[in-house]
Amino acid sequence: MNRNSVDGSSSDSSDSAESMAYTDLAEEGAGQEFMEYRGKPFKDLTFDDLRDVEFGTIAEVDEFYSYYSLATGFSMRKRRCDKNRAGTLVLCRQLVCSKQGQRRGVGPNDDYGDEPLPKERDVERTESIQKQKDICSETSVRTKRVIGDNSNPKARKQIRRLTRGNCPSSMTVKLCKDRGVYYVSEFTTFHNHKLAKPKHRHFMRSHRKVKDSDIAAVTAMRKVSVKTSCAYEYLVHAAGGHEFVGFTIKDLYNKLNKGHAEVLLDGDAQACVTWMNMKAMRDPQFYCFLSVDEFGRLANLFWRDGQALVDYNAFGEILIFDSMYKSNIYGKPLAVLVGCNNHRATVLFGCALLVDETEETYMWLLTSFLTSIHRNCAWHIGKNVVSNLKGAETQREFSHLIFAGLTIEEWEGRWQYFVSMNQLQNNKWVSSMYDKRDRWAEAFFRENFFGGICSTQRCEGMNRNLKVGIGRSMRLYEVMPRMEKTIARIRNRIAEDDYRSEHFEPVCGTHMRCLQEEVGRIFTHDIFLLIKDQINYESKFVVVHREEHPTTGMTLLSVTQYGKPHRLWIVWYQPEVVNPTFDCSCKLFQSDGIPCCHIFAVMKFEMVTAFPKSLIKNRWTKVACRTHTGSANVTSVQIARYGELMSIAANLCHTASYTAESFAHT
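Each number in our numbering corresponds to the 1-based position in the sequence shown with 504 added.
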């Protein structure tokens, strides 16, 4: 079909309407002023030209009049539709100009007065917003704005401009029951108003439509924190201009809000809980916990996924938490609990939406977090104690070792006594529990390890990342998926760090090179750089005194800085063939897990050429953490398919756009 004309001739003996391949009218006809029908311009059509025209279906009627109105320059609407008693067959259809009729309750002599009246739908919208906010506590609900309130000029709602003016233009079709087709019974072409210019026709309401493919593209961009306005500009650019995109940005917002309203059918909080349940179906280790206020409304909400649990088990010695504001429409503070991984990068342990920032609320947060983190561990230990240890007394002794407030030396003595008295030397489960004793025994939590962290900057950095994707105007069900995307992006960078650390060798210096090479094989690249700095700093220090303890076998060495003899550090050295131990008075290893330059000075003085196992902090090694993998859901697979098809289509369209021939045959 030629774009500039519509051939209306019939292909059979009857004068039934031809099958007109009307495409997207707003895109194809917006700039064409001289479109024709049966060799005659649309604007010159009369009732006589349509007397012998027949339409097979109502859809063909709607298509014809929509095309006619676009070519002529007015917006159409459906006014009348008479059906049979069963409601299955249309008997009469009337299509009119959008300016037909008059606004109800408005006449030419009506006095509007000074105060605009609120529309019923505006009041309903205000009540709907208030109901959504009621899921939160009263302290977080914003003050309800009254439409038309004189005390606030900004809140005054102006009446919309008049769009109707009793325009008589219309077309009516009726069903010919004998032949089963529709014929034109009335066709009025006169308009009592100006018709739209070709450059303005893409603003006409009946010719604007947001397609599902456009919604899919915008939704995909919104999920990666692209603003709706920016997504619309992308569609405009892809279409070749605003007049070809087929809708306005307001239409796009309305379509998206309609989808949001469907999601919020059961309320924002319920939609949020539903999202949590879907996450739990995909991730068996997903955990969430919520509390409600005295009115049964959502107060606090905590959640974490399986990867957060894995990260905590590997790097849970350090925990930082902080809160941020303006993360949702209800003003609920968003609290994040983070830590530091083996690349010294920030990892997320959990998130929470809080009702306020009182001491009671933070106690709830920390209790919920510990419950979520230790739920599987406590259940696992409790189950395996019964199956691996026989006798109630033995089980009680093991429980005492979990919670007893002992020093490490006292705990080790108690453990050896427990193993020997119960003859558990060959018990594999007991041996495995001993190997990871620093994760469950209270005695090992007394070390003041901070991993080089002395502030909440990691929380602030995480907050900055999260703020990119969420804002104060978002509802809860929007906040959750966007946070998930941001967290996935952060974890992807961590996966890249793992890859680079595993497959790329660090550059070692010449100073104590044998130690540097061993450090590069054991630790991640970021930790290697820190230890390398300490090895290089060693050249500034000198061992000035050495004294052996006759009873313990330990050696005390005094280290001073070259040129500053008044500065002195003490290093205790336990010489052993397999695993010598070191302890420096600066306590850098205890606080950061990094051997200090004073220890390296003693190692050089004592001719220690192998890196001691006692100085290897497992959380800084390349094998410190494993990755949690959850099962993919149907929606994720569908999104992946959509992305692949979009990529193929984009390449095809790009190639076809170079020549007119390829464009015409695409």
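We put the beta carbon where it would ideally sit given N, CA and C, even for glycine.
No experiment lies behind these values; they were computed from the predicted model shown.
Strand pairing of residue i, partner residues [DSSP]
{"i": "residue 545", "result": "540"}
{"i": "residue 1087", "result": "1076"}
{"i": "residue 1023", "result": "According to DSSP, which records beta bridges pairwise, residue 1023 is partnered with nothing at all."}
{"i": "residue 824", "result": "842"}
{"i": "residue 586", "result": "596"}
{"i": "residue 1049", "result": "1062"}
{"i": "residue 687", "result": "558, 678"}
Buried versus exposed call for residue i [16 or more other C-beta atoms within 10 Å across all chains shown]
{"i": "residue 1097", "result": "buried"}
{"i": "residue 1023", "result": "buried"}
{"i": "residue 927", "result": "exposed"}
{"i": "residue 1115", "result": "buried"}
{"i": "residue 590", "result": "exposed"}
{"i": "residue 917", "result": "exposed"}
{"i": "residue 846", "result": "buried"}
{"i": "residue 925", "result": "exposed"}
{"i": "residue 573", "result": "buried"}
{"i": "residue 1039", "result": "buried"}
{"i": "residue 756", "result": "buried"}
{"i": "residue 984", "result": "buried"}
{"i": "residue 1086", "result": "buried"}
{"i": "residue 986", "result": "buried"}
{"i": "residue 839", "result": "buried"}
{"i": "residue 1094", "result": "exposed"}
{"i": "residue 850", "result": "buried"}
{"i": "residue 1165", "result": "exposed"}
{"i": "residue 929", "result": "exposed"}
{"i": "residue 1014", "result": "exposed"}
{"i": "residue 1123", "result": "buried"}
{"i": "residue 710", "result": "buried"}
{"i": "residue 897", "result": "exposed"}
Test item: CB-CB of residue i and residue j under 8 Å
{"i": "residue 726", "j": "residue 752", "result": "no"}
{"i": "residue 600", "j": "residue 717", "result": "no"}
{"i": "residue 1129", "j": "residue 818", "result": "yes"}
{"i": "residue 837", "j": "residue 861", "result": "yes"}
{"i": "residue 843", "j": "residue 870", "result": "no"}
{"i": "residue 841", "j": "residue 873", "result": "yes"}
{"i": "residue 1207", "j": "residue 815", "result": "Absent from the structure is residue 1207, since the part of the chain shown begins at 505 and ends at 1170."}
{"i": "residue 1088", "j": "residue 1041", "result": "no"}
{"i": "residue 447", "j": "residue 722", "result": "Look at the range of the chain in this structure, 505 to 1170, and you will see that residue 447 is not part of it."}
{"i": "residue 719", "j": "residue 759", "result": "yes"}
{"i": "residue 1105", "j": "residue 1048", "result": "no"}
{"i": "residue 569", "j": "residue 708", "result": "no"}
{"i": "residue 801", "j": "residue 1030", "result": "no"}
Separation of residue j from residue i, as counted between CA atoms
{"i": "residue 704", "j": "residue 1167", "result": "26 Å"}
{"i": "residue 631", "j": "residue 772", "result": "Its pLDDT being 46, under 50, residue 631 is placed unreliably by the model, and the measurement read from it follows with that caveat. If I take the Cα positions, the gap works out to 14 Å."}
{"i": "residue 706", "j": "residue 606", "result": "24 Å"}
{"i": "residue 933", "j": "residue 892", "result": "7 Å"}
{"i": "residue 784", "j": "residue 808", "result": "10 Å"}
{"i": "residue 1162", "j": "residue 714", "result": "27 Å"}
{"i": "residue 1007", "j": "residue 1058", "result": "40 Å"}
{"i": "residue 857", "j": "residue 980", "result": "9 Å"}
{"i": "residue 689", "j": "residue 749", "result": "35 Å"}
{"i": "residue 1019", "j": "residue 1112", "result": "9 Å"}
{"i": "residue 895", "j": "residue 1072", "result": "54 Å"}
{"i": "residue 899", "j": "residue 939", "result": "19 Å"}
{"i": "residue 1043", "j": "residue 992", "result": "43 Å"}
{"i": "residue 687", "j": "residue 556", "result": "8 Å"}
{"i": "residue 937", "j": "residue 914", "result": "17 Å"}
{"i": "residue 789", "j": "residue 799", "result": "31 Å"}
{"i": "residue 602", "j": "residue 562", "result": "19 Å"}
{"i": "residue 996", "j": "residue 1061", "result": "45 Å"}
{"i": "residue 791", "j": "residue 580", "result": "53 Å"}
{"i": "residue 768", "j": "residue 978", "result": "Any reading at residue 768 must be qualified, since the residue scores a pLDDT of 49, below 50, and its modelled position is unreliable; no value is offered."}
{"i": "residue 796", "j": "residue 779", "result": "18 Å"}
Cβ distance (whole Å) where residue i is taken to contact residue j below 8 Å
{"i": "residue 786", "j": "residue 677", "result": "Contact doesn't hold; Cβ gap of about 52 Å is too wide."}
{"i": "residue 578", "j": "residue 699", "result": "6 Å"}
{"i": "residue 554", "j": "residue 693", "result": "So it is not a contact: roughly 10 Å between Cβ atoms."}
{"i": "residue 1066", "j": "residue 1032", "result": "The Cβ separation is near 25 Å, so there is no contact."}
{"i": "residue 685", "j": "residue 567", "result": "Actually they are not in contact, since the Cβ atoms of residue 685 and residue 567 sit about 15 Å apart, beyond 8 Å."}
{"i": "residue 576", "j": "residue 546", "result": "5 Å"}
{"i": "residue 696", "j": "residue 680", "result": "That belief does not hold up - the Cβ atoms of residue 696 and residue 680 are roughly 32 Å apart, past 8 Å."}
{"i": "residue 1126", "j": "residue 1083", "result": "About 20 Å; that fails the 8 Å criterion."}
CB contact below 8 Å: residue i versus chain D
{"i": "residue 797", "result": "You won't find chain D in this structure, because it holds only one protein chain."}
Cβ-heavy atom distance, residue i to the ligand ADP, below 7 Å
{"i": "residue 1031", "result": "Of ligands this structure carries none, so the ligand ADP is not represented either."}
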